[in-house]
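These notes concern the structure reproduced below.
Residue numbers (the working numbering): 2 to 78.
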């Protein structure tokens, strides 16, 4: 899970963490369970919704997927 403190959001911290994680990934496909409020942010990095909204441990999430060849566009954006 990736959470950024509300007072630090929109400062580039999440972007740097996500790009670093994608650069170190050793898989072809990256999946996330995005909070509903973060879906747009993940879409900006090339993630696509990949299933129905779910809930786990009280957290509501949207499954999302990114093929790593698309990740290169996210790192250069």
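Where is the CB? At the ideal position from N, CA and C, for every residue including glycine.
Unbroken alpha helix (DSSP H) runs of length 4 or more, entirely within the region 13-69: which are they? 14-25 and 40-45
When we look at the beta-carbon of residue 4 and count the other beta-carbons within 10 Å, is it buried (16 or more) or exposed? exposed
With 16 other CB atoms within 10 Å as the buried threshold, where does residue 65 fall? buried
If you draw a straight line from the alpha carbon of residue 49 to that of residue 60, how long is it in whole angstroms? 19 Å
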